[in-house]
Structure formats: C-alpha cells, structure tokens
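Number 44 in the numbering used here belongs to position 63 of the sequence shown; there are no gaps in the numbering.
Worksheet: one structure, shown below.
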Amino acid sequence: MTVIYGTRGDDNLQGFSGPHWSLVNGQLVYYPNGNDTIDGQGGDDVLLGKKGNDDIFGGSGNDFLGGGNGRDELYGEFDDDSIKGGSGRDSMYGGEGNDQLDGDGGDDLIFGDDDQDTVFGDTGDDTLDGGDDADLVVGSSGDDMVVGGSGNDTVEGGADKDTLVGGTGDDILIGGGSSLVRTILPDMDSKQDIFKVQVMRE
C-alpha cells in the first residue's frame, strides 16, 4: 500500500497502477499491489488513484478526486469538490461544501453530505443520497435507489427501474427513462412535493 500526502499548497498527486518502488524517509520501499492512500490535506488538489483499491481524502480546498479502476473510497471532506468514481464499485462522500459527485461505472454508494450537491449515479445499480440542503440527485442508467435527503431536492431516476425517495423538504421527483419506476416515496409531512412521471413500459 502506498501512502501519499500533499502539502498546504496546490498539489497534483497520483497513485500507482502496480508494483513499484518509492523513496520514503530516505529508504526504498516496495509496494506490490497499487492500493494507495492519498491525502491532499490543504490547497486545491488533483488526486488520482489509478488501479487498485484506493482511499483518497481531499482535505481542505476545492479538490478533484478520481478513483480510477478498483473499489475505491473517496472523501471530499471540506470545501467545493469534484469527485469521480471510476469503473469499480466505489463509495463516495462529498463532505462539507457544494460538491459534484459522479459514480461513473460500477454499483456505487454516493452520499452528498452537507450543503448543495450534485450527485450522478451514471452506469450501474447505484445508491445515491443527496444529504443535507437542496440537492440534485440523478440515477442515470441502472436500477438505482435515489434519495434526496433533507432540503428541497430534485430527485430523478433516469433509465431502468428506480426507487425514488424525496426525504424531508419540498421536493421534485422525476421518473424518467424507458422502464417502469418501481416506487416513488414522498416526504409524507410535506405538502409541496411535485411528482413528474413519464410514460413508462416494462
């Protein structure tokens, strides 16, 4: 496993795709599998995992996190981050700030967390949750669970059979695509939820 730390400045950090040697504290260390831990810490960083199952932490600053291949865990943490999962089955957490999260391929778990986030599942059967505040949460293709969370959210299923949950707040729920929306669950306490369901077919 590789552990890579940024500094308080603006960093461009990239993991490794396979076996390699690195110089750590003056010593050569061999890493066999390319499973990396990357911590951007302060500054506006570009953090890329490549192959392997990577853990990437943005820290403070407006960061870009890319998981690459493998089953990755991506944490935006603070400020306004952009997070892209990659082809594996990833877990993504926006943290504080207005974040943009895209699962890309694989069956992903994506949580926007605090503030106003934009969450896209992309391909795969994804579980999406906007978290707090007013979010845009879109399932895209695949059989997705799409949850707005708290706040006045826009929740869209996309293609295939999706489950839409508005959560608390005044929400807009949209069932799209060419397949039947399996379930639409509104916030039962709200009187302002809006439902837009297109003509569907099995």
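Note that the Cβ used here is the ideal one computed from N, Cα and C, for glycine as well.
Grab me the residues of residue i's own chain with a C-beta within less than 6 Å of its C-beta, minus the 5 sequence neighbours each way, in chain order.
i: L90; result: S72 and T108
i: D95; result: E77 and D113
i: D110; result: F92, V128 and G130
i: D61; result: N43, G78 and N79
i: G47; result: L29 and K65
i: T99; result: Q81 and L117
Under the three-state reduction of DSSP, which class applies to residue i: helix, strand or coil?
i: S63; result: strand
i: Q22; result: coil
i: D113; result: coil
i: D36; result: strand
Since residue i and residue j are thought to touch, with beta carbons under 8 Å apart, how far apart are those beta carbons, to the nearest angstrom?
i: V127; j: G138; result: 6 Å
i: D125; j: G150; result: 20 Å between Cβ atoms; not a contact.
i: G130; j: D116; result: 6 Å
i: L82; j: G93; result: 6 Å
i: G84; j: G66; result: 5 Å
i: F38; j: G21; result: 7 Å
Which stretch, first to last residue, makes up the beta strand (DSSP E) that contains residue i?
i: G237; result: Because residue 237 is not part of the residues shown, which for the chain are -18 to 183, the question remains open.
i: Q81; result: Q81 to D83
i: D95; result: Looking at the DSSP string, D95 is not in any beta strand (DSSP E), and its letter there is neither H nor E.
For residue i, which residues does DSSP report across the bridge?
i: S72; result: E54 and L90
i: E137; result: V119 and I155
i: T108; result: L90 and M126
Between residue i and the ligand SAH, is there a pair consisting of the residue's CB and a ligand heavy atom that are separated by less than 7 Å?
i: G51; result: In terms of ligand content, the structure shown is empty, and the ligand SAH therefore cannot be addressed.
For residue i, I'd like the list of residues in its chain whose CB is within less than 7 Å of its CB, leaving aside the five on either flank, ordered along the chain.
i: D25; result: D(-9), G42, N43 and D44
i: Q8; result: Residue placement at Q8 is poorly supported in this model, since its pLDDT is 43, which falls under 50; the coordinates still yield a value, given next. Cβ neighbours of Q8 beyond the five flanking positions: none.
i: G123; result: G102, T104, G105, D106, D107 and D141
i: G148; result: V128, G129, G130, S131, D134 and D168
Do we get a CB-CB distance below 8 Å when we pair residue i with the residues of chain C?
i: A140; result: Protein chains in the displayed structure number just one, and chain C is not present.
Among residues of its own chain, excluding the 5 on either side of residue i, which ones have a beta-carbon nearer than 8 Å to its beta-carbon?
i: G157; result: E137, G138, G139, A140 and Q179
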